[in-house]
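*Asks:*
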Amino acid sequence: VMRLKGKACVVTAAGQGIGAATARAFAREGATVWATDVDEGKLAALKGAEGIRTHKLDVLDKAAIAALAKQTGAVDVLFNCAGFVHHGAVLDATDDQWAFAFNLNVRSMFWTIQAFLPGMLEKGGGSIVNMSSAASSVKGAALRCIYGTTKAAVIGLTKSVAVDYVAKGVRCNAICPGTVQTPSLDERIASLGGGQDARKFFMQRQPTGRFGSAEEIAALAVYLASDEAAFTTGTVNVIDGGWSV
Ligand code: NAD
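First residue of the sequence shown? That's 8 in UniProt numbering, and the numbers climb one at a time after it.
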């Protein structure tokens, strides 16, 4: 059975990592997917895949988000995946880094929800999935001050939308991964020197001795997007290989 048959889905940051894996998983389950990313080059690998339409979208651009919503018409699923990891403690963080991270990790979702929720309400339902992290209000993570603060805000936004629209058929849930093997994780390891110590900084957080895969996170996103999760809203879905236990 195709679990997302007939559903139109928008995915942000679908160029690589979890967003790309989720765009593919949504399409495999029969959805029509608008796979978007600020970097069109990264979308090239998805071009021509069955069920997937690629579209450049910078989630820092409010007008572009509104224009996309007009183009797609009402959709059933919005997966807000865009986010950026700032590295550092509170005394390492600058105002500019704070503003950039909040705009990319939180304000982007505020804007996409404002753009796509009205269509869901017209349709009588929908599912919004927001990418948070175990590094959030779930867990204090070393050197993730700005990042964890933004991802905690994503949980607050998720619960707010869930409570205000639950009676109108729109669900809103958050996903909180642990460390997931993605291109940007490799960049973070490289920026800490790339050696064994850099890898250990991330691996020591994962008691299973491995990182999660983008496909494992995509499987959870499929569930939350689908009607199987019809009774699930406002939830904080930790998928972290036991990091936060
Ligand atoms: P990634 O960081 O490897 O890729 C991010 C993608 O976002 C890129 O394709 C990039 O082009 C795109 N992007 C950057 N700025 C954008 C913008 N302004 N508008 C639209 N797209 C933009 O992907 P990932 O590691 O899978 O992370 C995806 C999400 O998952 C992020 O929100 C991240 O915080 C979250 N997350 C990741 C991990 C992990 O360990 N990888 C863990 C927990 C949460």
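Just so you know, even glycine gets a beta-carbon here, dropped at the ideal spot from N, CA and C.
Is any beta-carbon of chain B found at less than 9 Å from that of GLN213?
*Replies:* Any reference to chain B falls outside this structure, which holds one protein chain only.
*Asks:* Taking Cβ to Cβ, would you say VAL82 is nearer than 9 Å to LYS14?
*Replies:* yes
*Asks:* Per DSSP, residue 268 forms a beta bridge with which residues?
*Replies:* This structure does not reach residue 268, given that the chain is present from 8 up to 252, and the question cannot be answered.
*Asks:* Taking only the alpha-carbon atoms, compute the straight-line gap between GLU36 and ASP99 and give it to the nearest angstrom.
*Replies:* 43 Å
*Asks:* Relative to the C-alpha of CYS16, which candidate in MET127, ILE182 and LYS175 has its C-alpha closest?
*Replies:* MET127
*Asks:* I need the DSSP call for GLY133, collapsed to helix, strand or coil.
*Replies:* strand
*Asks:* Can you name, in chain order, every residue of its own chain whose Cβ lies under 8 Å from the Cβ of VAL229, other than the five neighbours on each side?
*Replies:* ARG10, LEU11, THR29, ALA32, PHE33 and GLU36
*Asks:* Whole angstroms is fine: what's the gap from ILE153's alpha carbon to CYS88's?
*Replies:* 17 Å
*Asks:* Please determine, among LEU150, GLU222, ALA205 and LEU85, the residue with the shortest C-alpha to C-alpha distance to SER24.
*Replies:* First, the residue type needs correcting, since residue 24 is Gly and not Ser in the sequence shown. The candidate whose alpha carbon is nearest that of GLY24 is GLU222.
*Asks:* Pop quiz: PHE218 and VAL170 are said to be a contact at Cβ under 8 Å. What is the actual Cβ separation, rounded to whole angstroms?
*Replies:* Rounded, the Cβ-Cβ distance is 33 Å, inconsistent with contact.
*Asks:* Under 8 Å Cβ to Cβ from SER191, same chain only, skipping five residues before and after it: list those, please.
*Replies:* GLN23, GLY24 and VAL92
*Asks:* Could you have a look at PRO214 and say whether DSSP puts it in helix, strand or coil?
*Replies:* coil
*Asks:* Considering only the beta carbon of each residue, do ILE196 and PHE209 sit closer than 9 Å?
*Replies:* Yes. Within cutoff.
*Asks:* Would you say the beta carbon of THR119 comes nearer than 8 Å to a heavy atom of the ligand NAD?
*Replies:* Taking non-hydrogen atoms of the ligand NAD into account, the C-beta of THR119 is found less than 8 Å away from none of them.
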